[in-house]
Amino acid sequence: MKLASGYKAFWDAAHKNYPDEIRPGGLLDQGWQDVIPDWRGMFDTISNVLNADHSDRFVKPSDRAWMSSIFPWSTDKRSTKAGALAKTYKGLILLKTPFDLALYPRLIWELQPRTIIELGSYQGGSGLWLADNMSVLCENLGEVHSFDLYTKCIHENAMKHPLINFHRVDLSDVANFDENLLKSLPHPWLVIDDAHVKIFSMFSHLNKYMISGDYYVIEDDPAKANKEIIDGFQLIEQSGFLIDTYYVDAFGINVTCAPNAWLRKS
Numbered sequence: 012m013k014l015a016s017g018y019k020a021f022w023d024a025a026h027k028n029y030p031d032e033i034r035p036g037g038l039l040d041q042g043w044q045d046v047i048p049d050w051r052g053m054f055d056t057i058s059n060v061l062n063a064d065h066s067d068r069f070v071k072p073s074d075r076a077w078m079s080s081i082f083p084w085s086t087d088k089r090s091t092k093a094g095a096l097a098k099t100y101k102g103l104i105l106l107k108t109p110f111d112l113a114l115y116p117r118l119i120w121e122l123q124p125r126t127i128i129e130l131g132s133y134q135g136g137s138g139l140w141l142a143d144n145m146s147v148l149c150e151n152l153g154e155v156h157s158f159d160l161y162t163k164c165i166h167e168n169a170m171k172h173p174l175i176n177f178h179r180v181d182l183s184d185v186a187n188f189d190e191n192l193l194k195s196l197p198h199p200w201l202v203i204d205d206a207h208v209k210i211f212s213m214f215s216h217l218n219k220y221m222i223s224g225d226y227y228v229i230e231d232d233p234a235k236a237n238k239e240i241i242d243g244f245q246l247i248e249q250s251g252f253l254i255d256t257y258y259v260d261a262f263g264i265n266v267t268c269a270p271n272a273w274l275r276k277s
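Written out as structure tokens, the structure is:
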């Protein structure tokens with residue numbers, strides 16, 4: 012499994028080169044039992060990762076509750092007066108929770124997307140951050156395509172990045188998309204809907220161009236869990252998308268700005 016490859020490499024190297032240090036309490040075991048009474052050691056942790064049962068990773072939306080261990084935006088506001096608005100990237104506004112800032116690089120590395128489609132550009136800070144992550148984490152460079160109606164708000168520092176293309180599109184009508192562009196974009200895709208405009212009409216339209224293994228993340232709106240959301244996720248399930256629990260539950264149940272909405276096309 013790609014996400015566990017680093018764990019396995021460390022496990023193999025430690026056993027081969029430092030057999031005395033991998034025992035309980037050894038330096039490589041990170042023996043913190045005196046500080047954390049229930050600490051069982053790094054090698055128990057690594058062993059659990061390598062021997063984990065992954066059969067329940069991808070689940071149907073209808074099999075999931077909408078509860079969240081923590082609401083990420085609330086957590087954000089506890090630690091800073093300005094909350095999410097305090098976060099920037101290279102000086103530009105970046106409206107993502109700390110949890111999701113950790114999750115997206117992990118997915119980009121695992122998926123190796125050739126195309127990231129961002130719905131909602133804002134100032135361009137998130138597109139710039141995604142493009143920089145792609146440039147570092149992807150073996151074959153792709154591009155970020157960011158769509159928004161209010162493109163005059165996009166900062167010049169984001170627009171000059173070689174991997175980003177900003178498109179002025181009214182997202183209230185899917186007919187405004189350039190069909191030839193969507194057909195030409197290489198896969199795998201990572202689609203991130205942060206525009207909050209007719210999210211399920213948008214999903215249905217972009218799904219026509221997606222293939223097995225592509226990801227679709229819907230930020231913020233699923234936290235409402237109202238009738239529109241529940242009905243929309245029935246459409247998502249019928250379209251063959253499964254929730255990737257490695258991402259929605261990485262920090263606790265649905266501790267993400269996209270609860271139940273890190274979706275993989277099967």
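Numbering (my numbering), first residue to last: 12 to 277.
By construction, the Cβ of each residue, glycine as well, lies at the ideal position given by its N, Cα and C atoms.
### Task
For residue 4, count neighbouring Cβ atoms within 10 angstroms of its own Cβ and tell me buried if that reaches 16, exposed if not.
Look at the range of the chain in this structure, 12 to 277, and you will see that residue 4 is not part of it.
### Task
Just tell me which of 274, 232 and 257 has its CA closest to the CA of residue 117.
Here residue 117 refers to the residue found at position 106 when the sequence shown is read from its first residue. Selected option, being the one with the closest Cα: 257.
### Query
Can you give the Cα-Cα distance for residue 47 and residue 110, rounded to whole angstroms?
Along the sequence shown, read from residue 1 onward, the residue named residue 47 stands at position 36. Along the sequence shown, read from residue 1 onward, the residue named residue 110 stands at position 99. Summary for residue 47: the model assigns pLDDT 49, below 50, so the residue's position carries little reliability; its value from the coordinates is reported in the next sentence. Those two C-alpha atoms are separated by around 24 Å.
#### Entry: Burial state of residue 180 (16 or more Cβ within 10 Å)
For the purposes of this step, residue 180 is taken as residue 169 along the sequence shown, with counting starting at 1. With 16 or more Cβ atoms within 10 Å of its Cβ, residue 180 is classed as buried.
### Message
Quick check: what's the CA-CA separation for residue 219 versus residue 171?
### Response
The residue you call residue 219 lines up with position 208 of the sequence shown. The residue you call residue 171 lines up with position 160 of the sequence shown. Rounded to the nearest angstrom, the two C-alpha atoms are 30 Å apart.
#### Entry: Boundaries of the beta strand (DSSP E) in which residue 77 is found, first to last residue
Indexing the sequence shown from 1 puts residue 77 at position 66. From DSSP, residue 77 is part of no beta strand (DSSP E); its letter is neither H nor E.
### Task
Write down the C-beta distance between residue 252 and residue 227 rounded to the nearest angstrom, noting that I regard them as a contact closer than 8 Å.
For the purposes of this step, residue 252 is taken as residue 241 along the sequence shown, with counting starting at 1. For the purposes of this step, residue 227 is taken as residue 216 along the sequence shown, with counting starting at 1. About 7 Å separates the two Cβ atoms, so the contact holds.
### Task
Look up residue 3 in the DSSP assignment and say whether it is helix, strand or coil.
Because the chain here runs from 12 to 277, residue 3 falls outside it and cannot be looked at.
### Message
Here's a check: name, in chain order, each residue in its chain whose Cβ is nearer than 7 Å to the Cβ of residue 75, leaving out the five neighbours to either side.
### Response
For the purposes of this step, residue 75 is taken as the residue at position 64 of the sequence shown. Excluding positions up to five away in sequence, the list reads 254 and 271.
### Task
Assign residue 20 to buried or exposed, taking buried as 16 or more other Cβ atoms, counted over all protein chains shown, within 10 Å of its Cβ.
Taking the sequence shown and counting its residues from 1, the one referred to as residue 20 is at position 9. The residue in question, residue 20, is exposed, as its Cβ has fewer than 16 Cβ neighbours within 10 Å.
### Query
Helix, strand or coil for residue 26 per DSSP?
As a working note, residue 26 is residue 15 in the sequence shown. Reduced to three states, the DSSP call for residue 26 is helix.
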